[in-house]
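S.K.: Below is a structure I'd like to ask you about.
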Amino acid sequence: MFSHKMVRERSRRVVYENCQEWRAHSRYADAMPSALHRDVLRDVKRSTLLAAVEEKEDILMCFHDHEKFRLSIERSIGRHRNRTVTMLSVPNSLAYLGSERFLHVHTQDMHIYYSVNIIRLAYNNLLEALVADGVFSMHPNVKEKNGQLYTIHGVCNAKVEYNTIF
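For the sequence shown, my numbering assigns the number 21 to the initial residue and increments by one for each residue that follows.
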């Protein structure tokens, strides 16, 4: 078995090498971070450079959590993405949460964002109330200052409150 410190450092090196490749090539602009993460895991499993099975397993154990590395992956591929957002044009990188659709209603007057998993959790936890909370300016700051941002909070068991719809 390899020391935890050495495995963590080797895992970081694997991530760093892949991030460098993603930054260098615009072909990754439309890639989903979860797919790139899965590809790295597959490549580590197949690697002939990592001779020891224990080393591969330790690196995979350290790198298995997608959320832990998501921000690094997104920053690397994000430099190639068009981040211009209008009411009529929302890039896929902002319309999806991982592989799940986040932007569900998309018109020139309104966008509705929500996670199906969050709605399912609300249903399973016996949702009791929905509370709307509004902000009277657009986020991020845009030229047209006539929009409103509403967040719909769900309340379950008269205790737990969480954002359900934006």
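Note that the Cβ used here is the ideal one computed from N, Cα and C, for glycine as well.
Below 7 Å CB to CB, which residues in the same chain sit around GLU41 once its five sequence neighbours on both sides are set aside?
M.R.: Cβ within range, chain order: n/a, list empty.
S.K.: Kindly indicate which three-state DSSP category GLY118 falls into: helix, strand or coil?
M.R.: Coil at GLY118, not helix or strand.
S.K.: Buried or exposed for ASP63, please, with buried defined as at least 16 other CB atoms from any protein chain shown within 10 angstroms of its CB.
M.R.: Result: exposed.
S.K.: Suppose the cutoff is 8 Å on Cβ atoms and the five residues either side in sequence are ignored; what does the same chain contact list for GLN128 look like?
M.R.: Cβ within range, chain order: MET107 and LEU108.
S.K.: Over what stretch of residues does the alpha helix (DSSP H) that includes LEU141 continue unbroken?
M.R.: Per DSSP, LEU141 belongs to the alpha helix (DSSP H) from 136 to 144.
S.K.: Give the straight-line distance between the Cα atoms of SER31 and ASN177, rounded to the nearest whole angstrom.
M.R.: Near 42 Å, if we compare the C-alpha coordinates of ASN177 and SER31.
S.K.: First and last residue of the beta strand (DSSP E) that includes VAL125?
M.R.: Looking at the DSSP string, the run of the beta strand (DSSP E) that includes VAL125 is 123 to 126.
S.K.: So, HIS131 versus ASP153, is the Cβ gap smaller than 8 Å?
M.R.: In this structure, ASP153 does not lie closer than 8 Å to HIS131 by Cβ.
S.K.: Going along the chain, which residues of its own chain have a beta-carbon closer than 6 Å to the beta-carbon of GLY118, five neighbours each way excluded?
M.R.: Here the set comprises SER54.
S.K.: Within 10 Å of its beta-carbon, does ASN112 have 16 or more other beta-carbons around it, so buried, or fewer, so exposed?
M.R.: Classification for ASN112: exposed.
S.K.: Here's the rule: buried if 16 or more other CB atoms are within 10 angstroms of the residue's CB, otherwise exposed. What is HIS84?
M.R.: Exposed is the call here.
S.K.: Exposed or buried, what is LEU56 when buried is set at 16 or more other beta-carbons lying within 10 Å of its beta-carbon?
M.R.: LEU56 is buried by the Cβ-count criterion.
S.K.: Out of curiosity, what's the CA-to-CA distance linking TYR134 and ARG103?
M.R.: If I take the Cα positions, the gap works out to 20 Å.
S.K.: Does the separation of the CB atoms of ARG47 and ARG99 fall below 8 Å?
M.R.: In this structure, ARG99 does not lie closer than 8 Å to ARG47 by Cβ.
S.K.: Quick check on DSSP: helix, strand or coil for HIS57?
M.R.: In the structure shown, HIS57 sits in a helix (DSSP, three-state: H, G or I).
S.K.: From ILE93 to LEU114, what does the alpha carbon distance come to, in whole angstroms?
M.R.: ILE93 and LEU114: Cα-Cα distance of roughly 15 Å.
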